[in-house]
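Enquirer: Next up is a structure, given as structure tokens.
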Amino acid sequence: MMIKSYLELSLSSLKKNWKVFTILTLFATIAVFLVSPDSYTHDLYQRNNSAWFFMCGKAWMNGMTPYVDFSDSKGPLLWLIYGIGYLLSHYNYVGVMWITCVFYAVTYLFAYKTAFIFLKDKRQSLLSAVLMTLFFFNAIYHREIKTEDFAQPFMMGAIYYTSCLLYGEPVARHRWVIAKAMLWLGLCFGATFLMKYNIAAISLVFAFYSWAAVKRDGYNLWKAFGLYAAGVAVVWVPFLVYFLVAGNLKAFCFEYFVNVFHTVGALGTSGNGVFDGIFNKFITNAFPITMQCIATLAPMVVIYMKRYRSFPFVAFLVSAVVNMGNGTLIYYFNNSNGLIIFGVIALVLLVRSYEHHRWPRYGAAVISVFILFLIVINNNDRGGNYFTQNGIRRSIFYYYATIMDQVPNPTIIYYRCMPNPEFGVCNNALPGCKYWALQSGATQAMKQEQDDAIAKKQVDFIAVGCNNVTAINKVTKLGYYPYRHTAPDNAFVLFSKKKLKAPSYTINVPNHVVFLKKHFTTRLAFACDTVPTWY
């Protein structure tokens, strides 16, 4: 009976919002298509985190065991997402792009539904959701698709359901809605925990407020806890079963908890004291901190909440403490950008107060379009990998890609460098050892693993930073063959276990070939006997 009522409520909500969801899905697809480096509009180089995640997902889909054959500081759910993206498109990031479109369509829908709680107007709520693009894809801190992007729908959904319980009318706090909210909040914690657990820590603030709200409404708190736990279990149980069957549960726990604390701790030892550390983190993250602070304080100025007006600001404070405690990287704050919806709602209400004048409404619409245009321009102009930017970086990337393509399904290690591990994407390259690339704050054991792998010659290719003379000399003495592009912008020397044919330094891949993701032709394959595998 409960499940039937739950499904009926969900179907009713879907029917009511299908037009809005269709519009937001189309908008999300266009936005991601234009902005995401994983799209057809961008080439495969100039990457960092996305290349790491894609390599791990690809390795998993090729039969390698997570946390045993390859590892990184991220959770298995993130790797599964990238693994599915790899299955959709083997030799580029296009599959990941389509998954991102789905995730952001859900994110925008939750932003719309959150706005509708307060605005009670579909068009204005739709505008509020679209305006969130300014913060989701802001070029100041959004450089590529990262973990935070895939956490967005879970966090935005948590904000929506918490808002339903805190601010919704009694009908919105129906027991089935409470049940759905508890399940989603548990799902949010479970999913984000298996991506990046500092995001899961932030999500707890929504759970605590929601539990307080359901207790206020006389709902059985233990039942709420049980539904929350059920939501967590939906995500955790399948992975737990997999780890038990694969025999890598202990390895997962060690890598994801112990080693991550070691690497993060190593980073935290740098600096000139606690005060300087906090000050530097604040300065580094000043823009997102300021934006989120203003947005979450707005409900206390533009009064549109009957109660719990401090909730958005408290949630911001929790996210700020967690994000700054985790490091100085500005993109961390993207995981709490959903809170800005409360500031956007306040802005829309201010504009709406001029109900006898049309110009503020038209002005808001024009400004919104202009903002989106600026976002697209700023994102596309960054990194030099837009499909119209046919420069030396493209030649460098395909110079190394052509070398690697002469070895079927090669393995690679990024030796003693914090890399952009982008080589091998279009060659189906796999990790050459467990710590195939060194994360920030890498331990001595991680470095030793790389030393052992190259000494045993169990890896086909080794990428070394051009400035690391010690590492270059060491790999050369072991008998690997060096290949180095002569361009000043080149950052790597690529070593090969076998002597291979060297391509031209001026390989030219046309813009339309990049856009269509058909990298190389027989003519461009230079001296190779066969057409490269990604053609």
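So the sequence shown is residues 76 to 610, counted in this note's numbering. Idealized CB from N, CA, C, for every residue including glycine. None of these values were measured; they are calculated from a predicted model.
1) By how many angstroms is the C-alpha of His337 removed from the C-alpha of Gly346?
2) Are Glu219 and Ser125 closer than 8 Å when you measure CB to CB?
3) Which value, in whole angstroms, describes the spacing of the CA atoms of Leu296 and Arg250?
4) Mark Arg468 as exposed unless 16 or more other C-beta atoms lie within 10 angstroms of its C-beta, in which case mark it buried.
5) Can you tell me whether Gly540 is helix, strand or coil according to DSSP?
6) Are there three or more Cβ pairs, one per stretch, closer than 8 Å when the stretch 477-486 is compared with the stretch 559-577?
7) How is Ile582 classed by DSSP in three states: helix, strand or coil?
8) Checking the sheet assignment: what are the DSSP bridge partners for Ala512?
9) Can you tell me whether Ala288 is buried or exposed? The criterion is at least 16 other CB atoms within 10 Å of its CB, across all chains shown.
10) Checking 8 Å against the spacing of the C-beta atoms, do Val205 and Phe102 come in under that value?
11) Check Tyr142 in the structure and name its three-state DSSP category.
12) Compute the Euclidean distance between the alpha carbons of Trp93 and Cys508, then round it to the nearest angstrom.
13) Taking 8 Å as the cut-off, does the stretch 496-504 touch the stretch 156-175 (at least 3 CB pairs, one atom from each stretch)?
14) How long is the line joining the alpha carbons of Gly385 and Tyr236, rounded to whole angstroms?
15) For the beta strand (DSSP E) that Pro557 lies in, which residues bound it at each end?
16) To the nearest whole angstrom, what separates the beta carbons of Ile488 and Ala520, a pair I think is in contact under 8 Å?
17) In whole angstroms, what separates the C-alpha of Ala546 from that of Phe225?
18) Is the beta carbon of Leu240 closer than 8 Å to that of Ser285?
19) Considering only the beta carbon of each residue, do Tyr580 and Phe570 sit closer than 8 Å?
20) Determine contact between the stretch 404-420 and the stretch 307-319, defined as no fewer than three beta-carbon pairs at a distance below 8 Å.
21) Could you give the C-beta distance for Phe185 and Pro151, rounded to a whole number, given that I count them as a contact under 8 Å?
22) Work out the CA separation of Ile192 and Gly293 for me, nearest whole Å.
23) In angstroms with no decimal places, state the Cα-to-Cα distance between Pro563 and Asn542.
24) Is the beta carbon of Gly400 sitting closer than 8 Å to the one on Thr371?
25) Going by DSSP, which residues form a beta bridge with Leu569?
26) Classify Glu223: buried if its beta carbon has 16 or more other beta carbons within 10 angstroms, exposed otherwise.
27) According to the neighbour-count rule (16 or more other Cβ atoms, all chains shown, within 10 Å of its Cβ), is Pro313 buried or exposed?
28) So, does the stretch 581-591 touch the stretch 102-114, judging by three or more C-beta pairs under 8 Å?
29) Among Ile105, Ile98, Asp118, Thr100, which has the Cα closest to the Cα of Phe462?
30) How would you label Lys290, buried or exposed, when you count the other beta carbons within 10 angstroms and need 16 or more for buried?
31) So what does DSSP say about His165, is it helix, strand or coil?
32) To which residues of the same chain is Pro496 closer than 7 Å at the C-beta, ignoring the five residues directly before and after it?
33) Using a 10 Å radius around the Cβ and a threshold of 16 neighbouring Cβ atoms, would you call Asn548 buried or exposed?
34) Would you mind stating whether Leu260 and Tyr303 have Cβ atoms separated by less than 8 Å?
35) Determine the burial state of Lys91: buried for a count of at least 16 other Cβ atoms within 10 Å of its Cβ, exposed for fewer.
36) Taking DSSP as the reference, what is the three-state secondary structure of Leu505?
Expert: Once the coordinates are examined:
1) With a pLDDT of only 47 at Gly346, under 50, the local geometry of the prediction cannot be trusted, and no value is derived from it.
2) Against a cut-off of 8 Å, the Cβ pair of Ser125 and Glu219 comes out as a contact.
3) Here the alpha carbons of Arg250 and Leu296 stand approximately 12 Å from one another.
4) Buried, because 16 or more other Cβ atoms sit within 10 Å of the Cβ of Arg468.
5) If DSSP states are grouped into helix, strand and coil, Gly540 belongs with the strands.
6) Judged by Cβ distances under 8 Å, the stretch 477-486 makes contact with the stretch 559-577, as three or more pairs qualify.
7) In the structure shown, Ile582 adopts coil according to DSSP, grouped into three states.
8) DSSP lists Tyr489 as partners of Ala512.
9) Result: buried.
10) Cβ atoms of Val205 and Phe102: closer than 8 Å.
11) In the structure shown, Tyr142 adopts coil according to DSSP, grouped into three states.
12) For Trp93 and Cys508, the gap between their C-alpha atoms comes out near 47 Å.
13) The stretch 156-175, when compared against the stretch 496-504, does touch it at the 8 Å Cβ threshold.
14) Before going on, a small fix: residue 385 reads as Ser here, not Gly. Our two residues, Ser385 and Tyr236, have alpha carbons roughly 17 Å apart in a direct line.
15) First-last of the beta strand (DSSP E) with Pro557: 556-558.
16) About 15 Å separates the two Cβ atoms, so there is no contact after all.
17) Taking the straight line joining both Cα atoms gives about 36 Å.
18) The answer is yes: Cβ separation under 8 Å.
19) Result no, Cβ atoms of Tyr580 and Phe570 do not sit closer than 8 Å.
20) Not touching, per the Cβ criterion.
21) At roughly 24 Å, the Cβ-Cβ gap does not stay under 8 Å, so Phe185 and Pro151 are not in contact.
22) If I take the Cα positions, the gap works out to 22 Å.
23) Straight-line Cα distance between these residues: approximately 12 Å.
24) Annotated as distal: Gly400 and Thr371, with beta-carbon spacing of 8 Å or more.
25) Ala538, Tyr558.
26) Taking every protein chain shown into account, the CB of Glu223 has 16 or more other CB atoms within 10 angstroms, so this residue is buried.
27) By the neighbour-count rule (16 or more Cβ atoms within 10 Å), Pro313 is not buried but exposed.
28) Touching, no.
29) The closest CA to that of Phe462, considering only Ile105, Ile98, Asp118, Thr100, is found on Asp118.
30) By the 10 Å Cβ count, Lys290 comes out exposed.
31) Three-state DSSP puts His165 in coil, outside helix and strand.
32) If we look at Pro496 and ignore the five residues flanking it on each side, its Cβ neighbours are Ala126, Trp127, Met130, Tyr489, Ala512.
33) The residue in question, Asn548, is exposed, as its Cβ has fewer than 16 Cβ neighbours within 10 Å.
34) In this structure, Leu260 sits near Tyr303, with a CB-CB distance shorter than 8 Å.
35) Counting Cβ neighbours within 10 Å, Lys91 comes out exposed, since fewer than 16 surround it.
36) Residue state, collapsed to three classes: strand.
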